[in-house]
Structure formats: C-alpha cells, structure tokens
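Just so you know, we're using our numbering here: the sequence shown kicks off at 6 and counts up by one. Beta carbons are placed, not taken as given, at the ideal position from N, Cα and C, and that holds for glycine.
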Amino acid sequence: MFLSIHSKLQRGVAKHMAKRLDEIKNELDHHLGKRLMLKANSGRRKTVEQSGVLAETYRSVFVVQLDQQEDTLQRVSYSYADVLTETVELTFYDDPHNEVFLG
Numbered sequence: 006m007f008l009s010i011h012s013k014l015q016r017g018v019a020k021h022m023a024k025r026l027d028e029i030k031n032e033l034d035h036h037l038g039k040r041l042m043l044k045a046n047s048g049r050r051k052t053v054e055q056s057g058v059l060a061e062t063y064r065s066v067f068v069v070q071l072d073q074q075e076d077t078l079q080r081v082s083y084s085y086a087d088v089l090t091e092t093v094e095l096t097f098y099d100d101p102h103n104e105v106f107l108g
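What follows is the structure in structure tokens.
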C-alpha cells in the first residue's frame with residue numbers, strides 16, 4: 006500500500022513540477038528581448054551578477070546574451086529548474102516594481 010501511495014505522490018509532484026516549469030518558460034517567453042540583471046549561484050557561496058538580454062527560450066533552457074566586455078560576445082544558458090530552485094534570479098529592467106522573478 007505504501008509503495009502505491011508513494012508512487013502516486015511522486016507522479017503528482019512530477020506533474021506539478023512540470024507544470025511549474027512550463028509556467029516559468031511561458032513567463033520568460035513574454036520577456037524575450039528585454040534587458041535583465043542575472044544573479045546566479047556558482048557554488049561555494051559565490052554569486053555572480055551580470056546584465057544582459059534574454060535572447061532565446063527553448064524547451065528546457067533559456068539563453069541570456071551578456072553585455073559585451075572587451076569585444077567578446079558571451080552567452081550563458083540556464084534551465085528553468087535553476088529558476089524554480091532559485092539558483093538563478095532574474096530582475097527585468099522594464100518591471101515597474103523592479104521585482105525579482107524567481108519563477
């Protein structure tokens with residue numbers, strides 16, 4: 006009985022998480038081409054902050070084109086799960102309340 010309930014619970018959590026990831030992707034789709042501040046946890050209590058433009062969204066990841074430094078074009082990608090788990094925080098400059106988008 007426990008395994009059956011546990012399996013149902015896992016399937017329910019997986020469906021909820023997939024739905025939530027889709028919601029994050031849809032929200033980011035509305036911000037394509039907009040400027041943002043990216044704050045990412047890069048491990049060992051190190052946080053990186055960079056600004057750029059939300060360039061593309063794909064099924065599982067999104068791409069940010071970072072502001073140019075020294076004639077280099079740099080792009081970084083993160084998964085929607087990174088936003089869901091708050092490993093990555095996005096603040097869009099066009100947000101009237103300047104609120105952080107965590108997903």
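Distance between residue j and residue i (C-alpha atoms, nearest Å)
{"i": "V58", "j": "R50", "result": "25 Å"}
{"i": "G38", "j": "V81", "result": "15 Å"}
{"i": "D171", "j": "S56", "result": "The first residue shown for the chain is 6 and the last is 108, placing residue 171 beyond what the model contains."}
{"i": "T92", "j": "Q73", "result": "23 Å"}
{"i": "L112", "j": "L89", "result": "This structure cannot speak to residue 112, because the chain is shown only from 6 to 108."}
{"i": "S47", "j": "V53", "result": "7 Å"}
{"i": "Y98", "j": "H36", "result": "10 Å"}
{"i": "L71", "j": "E94", "result": "15 Å"}
{"i": "Q79", "j": "M22", "result": "30 Å"}
{"i": "L26", "j": "D87", "result": "10 Å"}
Residues that DSSP places opposite residue i in a beta bridge
{"i": "E94", "result": "K44"}
CB-CB length for residue i against residue j, believed under 8 Å
{"i": "Y85", "j": "K30", "result": "5 Å"}
{"i": "V68", "j": "A60", "result": "5 Å"}
Segments of 3+ residues assigned as beta strand (DSSP E) that fall wholly inside the stretch 32-90: Segments of the beta strand (DSSP E) lying fully in the stretch 32-90: 40-46, 52-62, 66-71 and 80-84.
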